[in-house]
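Okay, structure first, notes after.
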Amino acid sequence: MATASARHILVPSESECQQLKSRIEGGEDFATLAKQFSQCPSGARGGELGSFGRGQMVPEFDQVVFSAPLNQVQGPVKTQFGYHLLEVTERQD
Numbered sequence: 001m002a003t004a005s006a007r008h009i010l011v012p013s014e015s016e017c018q019q020l021k022s023r024i025e026g027g028e029d030f031a032t033l034a035k036q037f038s039q040c041p042s043g044a045r046g047g048e049l050g051s052f053g054r055g056q057m058v059p060e061f062d063q064v065v066f067s068a069p070l071n072q073v074q075g076p077v078k079t080q081f082g083y084h085l086l087e088v089t090e091r092q093d
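Numbering-wise, full-length UniProt numbering puts 93 at position 93 of the sequence shown, and it's gapless, one number per residue.
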């Protein structure tokens with residue numbers, strides 16, 4: 001079974017998500033921004049979600065996690081929870 005490890009930042013608006021992505025692309029630390037801005041409990045861990053299998057996350061999230069290049073920030077990704085920046089840190093098929 002395919003598994004992945006990822007981290008994310010969850011915010012309520014697409015514009016906030018874009019601003020955070022720009023900050024990361026400008027050299028700011030993903031984990032630090034996750035701790036400051038993410039509305040998910042994982043924010044306290046720098047956005048770390050740990051390891052999970054295909055189908056364990058909402059479909060929009062799952063699709064990106066199991067297709068995106070490793071260690072590249074993806075998003076904004078809209079789900080029922082809000083807007084996410086995602087970074088796949090590991091994947092095993």
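A virtual CB, placed ideally from N, CA and C, is assigned to each residue, including glycine. All of these numbers come straight from a predicted model, not from anything done at the bench.
The alpha carbon of Gly75 has as its nearest neighbour, out of Glu14, Ser5, Ala4 and Ala2, the alpha carbon of Glu14. Pro59 sits in a helix when the DSSP states are folded into three classes. Exclusion of the five residues before and after Thr79 leaves Val58, Glu60 and Phe61 as the residues of its chain whose Cβ lies within less than 8 Å of its Cβ.
Distance between Lys35 and Met1, taken at the CA atoms: about 31 Å.
Pairing Gly55 with Thr89, the inter-Cα distance amounts to about 18 Å. When DSSP states are grouped into helix, strand and coil, Ala34 belongs to the helix group.
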